[in-house]
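One structure below.
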Amino acid sequence: MAHLLLLEYIAYRSLRNERLYRDHVDLFAESDDYLIERFRLPRPVLLELCNTLEPALRTRTKRSNPVPPHVQVLSALGFLATGTFQRELGDRVGISQSTISRGLQQVVDGIVQLVPQYIRFPYTDQEQIPVKRAFHAIAGLPNTIGAIDCTHVRIKGPSPDPFPYLNRRQYHSINVQIICDAQNHLLNVVSRFPGGALDSYILQNSSVGVHLEQGDAGDAWLIGDHEYALAPWLMTPLTNPETEQEVAYNERHARAHSTAKHSIRLLKKRWMCLDETGGGKLLYKPEKVCRMIMACCVLHNMAMKSGVPLDLQPPYQPPHYNVGPEPFRHPENSHAVQVRQQLIRRM
């Protein structure tokens with residue numbers, strides 16, 4: 001009798017310790033519309049991205065039933081694109097929430113490595129020619145090599161010192177600088193400054209700002225709003241235009257600068273984890289959030305390059321700069337004023 005009980009106990013222990021694995025759902029079996037809706041990228045681009053990241057994501061252990069690289073990639077993209085809770089994503093694809101959390105950071109780090117390939121600022125004359133032509137076609141402004149603006153991504157206040165991340169709207173965020181071309185491709189992204197940093201401060205301490213200040217871009221300039229100081233390489237609007245030429249300059253300036261605002265709207269529309277309008281926030285440390293932002297910017301350019309449709313109209317509105325002074329009056333640079341006046345007279 002004792003032997004039978006011992007055998008039953010051994011059998012029970014073996015059954016109890018047996019690991020159960022859920023089948024991983026093959027998301028590539030879904031339709032093209034499903035893939036674009038959930039992961040924001042078409043099937044060929046998703047396959048290319050999975051193949052690129054596979055060597056870094058393939059497990060190096062001998063554990064059984066590892067999560068395939070393509071499941072890790074699509075799980076991470078699903079979180080970035082929809083803002084869905086990780087547990088819900090895990091239930092959908094057949095992996096645990098903790099596994100998704102670990103895989104998310106690995107996928108993000110892999111995508112960030114692609115920044116030099118997908119986000120490049122046009123410093124040389126050859127690179128600037130198509131950018132200048134496109135801005136001139138939509139706004140009539142010559143020598144424009146980018147539109148610049150900043151946007152805030154809401155985060156949880158980090159400890160022990162959350163104050164630097166408190167922005168002017170009284171919530172914690174990362175202040176992200178973007179420079180785009182006329183087709184809403186991102187040419188430069190700076191994602192490392194807390195929400196309390198001014199837009200002009202970020203530009204001054206960015207690689208693009210340093211290069212342009214040194215004259216490395218030649219006879220070319222960015223288009224920025226009143227948050228930036230007028231410079232020979234950065235054109236801002238007139239606060240109180242008086243002549244017809246000055247009014248026309250402000251209108252063309254606003255049309256060119258609207259591409260930056262539209263790029264930000266596109267970026268946040270595609271990658272909902274960056275959109276703070278719904279009151280959500282990223283519950284990660286600032287360093288991880290900054291890398292997630294850079295990864296989303298790479299994915300944005302991949303989507304733009306592949307021509308993924310997105311029904312979102314540009315937010316251009318006629319300018320009304322003469323209704324009041326700018327939020328902050330920057331000291332005027334006499335040479336920059338002359339450059340802007342020459343530009344106005346040439347129009």
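Residues 1 to 347 (our numbering) are what the sequence shown spells out, left to right. Ideal Cβ positions, reconstructed from N, Cα and C, are used throughout, including at glycine.
Using the Cβ count rule (16 or more neighbours within 10 Å means buried), how would you classify Gln126? exposed
Would you check if there are 3 or more beta carbon pairs closer than 8 angstroms linking the stretch 244-263 to the stretch 279-297? no
Where does the unbroken alpha helix (DSSP H) through Asn301 begin, and where does it stop? 286-306
For a quick check, are the C-beta atoms of Tyr118 and Asn301 less than 8 angstroms apart? yes
Please determine, among Pro286, Glu48, Met304, Arg43, the residue with the shortest C-alpha to C-alpha distance to Val176. Pro286
Looking at C-alpha atoms only, which residue of Ser31, Tyr284, Ser191, Ile344 is the closest neighbour of Ser159? Tyr284
Indicate whether Leu222 and Leu234 have their beta-carbon atoms separated by less than 8 angstroms. yes
Expressed to the nearest angstrom, what Euclidean distance is found between the alpha-carbon atoms of Arg340 and Glu227? 17 angstroms
Of the residues Ser75, Met304, Asn250, Pro44, which one's Cα is nearest the Cα of Ala139? Asn250
Cutoff 8 angstroms; reference Arg43; Cβ partners in own chain excluding five residues on either side: Phe28, Asp32, Leu35
Report the three-state DSSP secondary structure of Asn51 (helix, strand or coil). helix
Which of the three DSSP states, helix, strand or coil, is assigned to His185? coil
Do Arg40 and Leu203 count as a contact pair if the criterion is CB distance below 8 angstroms? no
Between the C-alpha atoms of Gln113 and Pro69, what's the straight-line distance to the nearest angstrom? 16 angstroms
Using the Cβ count rule (16 or more neighbours within 10 Å means buried), how would you classify Ala182? buried
Within its chain, find whatever has a CB closer than 6 angstroms to the CB of Ile381; leave out the 5 residues flanking it on each side and keep chain order. The structure shown does not extend to residue 381, since the chain spans only 1 to 347, so no value can be given for it.
Is the beta carbon of Ala147 sitting closer than 8 angstroms to the one on Ala260? yes
Does the distance from the CB of Val107 to the CB of Ala76 come in under 8 angstroms? yes
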